[in-house]
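Residue numbering for the sequence shown is 19 to 154, as defined by the working numbering.
Cβ atoms here follow ideal geometry from the backbone N, Cα and C, with glycine treated the same way.
Only one structure is covered here, and it is reproduced in the block below.
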Amino acid sequence: MNTYLPAFPPSPKSTFGLLGKLDHAFASLLKGEDSDTGEILPGFEGGMRGGMSKTDMVRCKGLVEATRVLSVDVMSGQPDVDEKTGESGTESELEEDAGMGIDEQSFEMDVARVYEQTIVQLGERLDGNGVFGVVS
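Set out below in structure tokens:
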């Protein structure tokens, strides 16, 4: 996802839809149950042995954080800078960007929710066990 996201023009509806599905999947794997329904996932009937290892969780956390930053960059809608003039779009484009519409506000909320459930689960599983705690 982190490789493909910047390679294409921003498409908020499909991007946030896909990221929402990935968030649901990762959060469910971290809990061992469907994060929406609470149903135990196959392979987790005997406990959390079928879930992610601590190493997997740390790697997942890095990817999730990188995706959140990347989604802000991609969805920011910054116009491309014209290499010849150094300007960042036409005057009318800049005037349109100056005001924040309802769609832009909802996109900002969507960006803020990227991997929200996964981050909560990672925090509970990793930080709760002292993995990212302060070392004395």
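Around the Cβ of Lys79, a 10 Å sphere holds 16 or more other Cβ atoms; the residue is buried. Gln139 is not a Cβ neighbour of His42, given a cutoff of 8 Å. Distance check between Asp145 and each of Met70, Val76, Ser94 and Ser46 places Val76 closest, using alpha-carbon atoms only. Among the bridge pairs identified by DSSP, Glu51 is matched with Ile58. Out of Phe44, Thr55, Leu59 and Ile58, the CA that lies nearest to the CA of Arg143 is found in Phe44.
The C-alpha of Ser89 is placed about 11 Å away from the C-alpha of Tyr22.
Each residue's CA atom was taken as its position, placing Met93 and Lys31 some 11 Å apart. Assigned with DSSP and collapsed to three states, Glu63 falls in coil, not helix or strand. Under the three-state reduction of DSSP, Thr21 is assigned to coil, being neither helix nor strand. Straight through space, the alpha carbons of Ser71 and Ser124 are spaced by roughly 35 Å.
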